[in-house]
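Data first, discussion second: the structure below is written as structure tokens.
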Amino acid sequence: MTTGSLATLPPLAQGGDFFRERTGTSCVEENGFFCFQWAADNIDSYVTPTLEQLYLVVLSVAAGFVIALALAVLSHRRRWLVPPLTGFTGVLYTIPSLAFIFLLIPITGFGTLTAVIPLTAYTLQIIYRNIVAGLANVPAASKDAGRGMGMTDRQLLWRVEIPLAVPEIVAGLRIATVSTVAIATFAFFAGAGGLGEPLYSDIEFKTNVIISGGLAILMAIAFDALLVVAGRFASPWRKVRPV
Amino acid sequence: MSSAPPNAGPSRAPDGGAAGSLARIASARRRGGSDLGTIAPVEQASAPKSDAGVALEVEFRSATKRYAGTDSPALEALTLDVPAGEICVFVGPSGSGKTTAMRMVNRMVEITEGDIVVGDRSVRDRAPAELRREIGYVIQQIGLFPHRTIADNIATVPRLLGWDRDRIDARVNELLDVIGLEPELMRRFPSQLSGGQQQRVGVARALAANPGVMLMDEPFGAVDPINREKLQNEFLRLQAELHKTILFVTHDIDEAIKMGDRVAVLRDGGRLAQYATPAELLMAPGDPFVEDFVGADRALKRLALMRVADIDLWNAPLVHIGQSTAEVRAKLEGAEVPYALVIDQERRPIGWLSEADLARETVRARPDTSPDPILELDDVMRDALSDLLQAETRYAPVVDAGGRIAGVLSVEIISEFLTSEDALVEEHSAGERPLEEPAAEK
């Protein structure tokens, strides 16, 4: 799927080259709430979409983090840049996902890039705002002490301000990651695979919808837990209690 | 002082007389505690590096700070000289520019006009970051980095200066010892320490690269009064060893008098009202503003400048356990202190003999009246007086560093001292005060 024409869009609820088998037990025939036997037989066909989804999320959040951090650093000593940047990332956030993808297809064609661009764009608002808030919340005394002891602006930023903003930054990453996992199911429409592919291949088959959606939810929870742990490692001083 | 009983405490060769008292007041502060043994010789132990650690003179030359959009300057043409190795306290009400003056030294505030010279070099010719690394900096909110361990906090400036790891580790350990913090604490984060401990770490961090000049902006302001007192005393002891040039900002005149070798009183509009030693300030305030700022109780404040050792103590009859009370009674005849003090073999006070005790044949091991409060020669006179008043007692035994009896302090001694000196203060200031009578209106 590399051609860039709107006409070749996969119609909704009509999966691409994903499995179509809906035969087997009576549960499947009757489209029961959850057919364990079918799930056990077909679970392996969800592995690739899950890995694709994982890849999309990691790539998008990582790119979003790098861009948002750059924007935050840029606007840190230029406070007047904060409102326009917040506004700009906010506008990006309001673009409907499907519209964003469909608008990009003529330009970037089908593929991972077309999915990653909107996913990254959506993370910017949350991550940028949290980094800015985190930097703003650094105690004035710590900054004054740092500068007064001879740190340059850059040393102050990387040795004091950003480390102290880690809790807020991680909080932003958690929200951004969880929402990206959800939105990444649309990546299928950009031809980038992901859990959207099995999901939309048969949205009437309950077992399929539950497995596809369930995997996305599990992925979101796993990412969230991972970031909580990573956040604790990155900010060990916050856990300690007075002795 | 009349003839002392043969068994009175070790004599101190007191140089009585009002004439010597000013000099003694001036020297009182310099007498650091006698328990200096715990303080490591910082200067020698740290690796020598150019002129690091040598106290530098700080000179304000018409230093002026004017903020854009304001009519009056925050600091107006401040000219004063802080000699190397001394503590200069900037004191004044808010808006008097005391913090501004201090922060201009390390260019945290840029100088608008005039100049500040630190050790023969104008701060205006220095790169701010480089200048600041050579000047210790302690602020009121302490400003420890919450995300860094105590060791890392202390190592801040040495790291900026690119010291190697071994040298930094050695320095951190040395400083923990200097400020009296157990080495285990060095892996802790600031939030795990008490306010007093955090403040000590703040001082250690400022001392880390052994700067010649230290700036301290209300360093003990965030600490409770009891701990503040303790930290002040500790810091004075430390300074007696280190001899840094220290610019110290406070709004508390008592702290200024206690900490300063010299005190610069600033007033509204950033103008210098008086620059003098604490004793001068108390005895001869330069103008009504200073007089008002120092307070009506300045005679009492002078007690804060003295230590118990600076005054002539009285002697109480000293008796030992098992001594016959008849002998004690004989000693009590005509004694300065009309009570007998029981001491042990090491001459440490055990208690006062009561009438009931004296009714016995011999002095018993547990006299009726406790010797508390026991004062030390190093105690500040004001604290000693407050201890006496608090205990509702007229006499308190004074001991030396070894806990041995050195004499007895009484409320009368202090009151005599105050009344004798008060006359001097009044004469002095009345003569020097500028005439401020407005010209008669016609």
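Residue numbers (the working numbering), protein chains in the order written: chain A, 22 to 264; chain B, -8 to 433.
Ideal Cβ placement from N, Cα and C applies to all residues, glycine included.
For W258/A and M99/B, the rounded distance between their alpha carbons: M99/B and W258/A: Cα-Cα distance of roughly 28 Å.
Y386/B: first and last residue of the uninterrupted beta strand (DSSP E) it sits in: Y386 to V390
Residues bridged to D72/B (per DSSP): According to DSSP, which records beta bridges pairwise, D72/B is partnered with E50/B.
G193/A versus K227/A, A120/A and D245/A, residue with shortest Cα-Cα distance: D245/A
Pairwise C-alpha distance: V199/A and I242/A: 8 Å
Short Cβ contact (8 Å threshold) for L236/A with Y76/A: no
Where the segment 113 to 126 of chain B meets chain A: residues whose CB sits under 9 Å from a CB there: P119, A120, E121, L122, R123, R124, E125 and I126
R229/A versus G108/A - alpha carbon distance: The residue asked about is misnamed: residue 229/A is Asn in this sequence, not Arg. So the two alpha carbons sit approximately 39 Å from each other.
Residues near E189/A in its chain [Cβ-Cβ closer than 6 Å; skip 5 each side]: N151, A154 and G155
CA nearest to the CA of G186/B, picked from E125/B, Q131/B, L257/B and I159/B: Q131/B
Collapsed DSSP secondary structure at R259/A in the structure displayed: helix
Cβ-based neighbour list, E367/B, same chain, cut-off 8 Å, excluding 5 preceding and 5 following: Closer than 8 Å at the Cβ level, and outside the excluded window around E367/B, lie V299, V389, V390, D391 and A392.
Span separating the alpha-carbon of K56/B from that of T241/B: 19 Å
Residues bridged to V109/B (per DSSP): Paired residues: V49/B and R112/B.
Residues of its chain near R326/B, where Cβ-Cβ distance is below 6 Å and the 5 sequence neighbours each way are ignored: The sequence shown places Ala at residue 326/B, rather than the Arg named in the question. Cβ neighbours of A326/B beyond the five flanking positions: P308.
Endpoints, the beta strand (DSSP E) within which S401/B is located: I396 to S401
Residues that R175/A contacts on chain B, provided the C-beta gap is smaller than 9 Å: In chain order: nothing, as chain B lies at least about 10 Å away.
Bridge partner(s) assigned by DSSP for C79/B: L238/B and R253/B
Within 8 Å, strictly: CB atoms of G252/A and V202/A: No.
Inter-residue CB distance, E48/B and G110/B (contact presumed, cutoff 8 Å): 6 Å
Whole-Å CB distance - I141/B paired with V214/B, under 8 Å assumed: Their Cβ separation, rounded to whole angstroms, is 17 Å, which puts I141/B and V214/B out of contact at 8 Å.
Local conformation of L366/B per DSSP, three classes: In this structure, L366/B counts as strand in the three-state DSSP scheme.
Distance CB(L102/A)-CB(Y149/A) smaller than 8 Å: The answer is no: Cβ separation not under 8 Å.
I122/A vs T135/A beta-carbon contact at 8 Å: Going by C-beta atoms, I122/A is nearer than 8 Å to T135/A.
CB contact flag (L273/B, I248/B, <8 Å): yes
Under 9 Å from the C-beta of V181/A: neighbouring residues of chain B: F136, H138 and R139
Any C-beta of chain A under 8 Å from that of V148/B: yes
Contacts around M172/A, its chain only, beta-carbon distance under 8 Å, and the 5 residues preceding and following it disregarded: R180 and V181
Closer than 8 Å to chain A by CB, V33/B: In this prediction, V33/B scores a pLDDT of 42, lower than 50, which makes its location untrustworthy; the coordinate-derived value is nonetheless stated afterwards. V33/B does not count as touching chain A.
Residues that DSSP places opposite K435/B in a beta bridge: Residue coverage of chain B in this structure runs from -8 to 433, which leaves residue 435/B outside it and unanswerable.
Minimum Cβ-Cβ distance from P184/A to chain B less than 8 Å: yes
7 Å Cβ shell around T436/B - same chain, five flanking residues per side excluded: Beyond the ends of chain B as shown, which are -8 and 433, falls residue 436/B; an answer cannot be given.
Interface residues of chain B facing D165/A [CB-CB closer than 7 Å]: When 7 Å is used as the limit between beta carbons, D165/A is near these residues of chain B: I130 and G134, in chain order.
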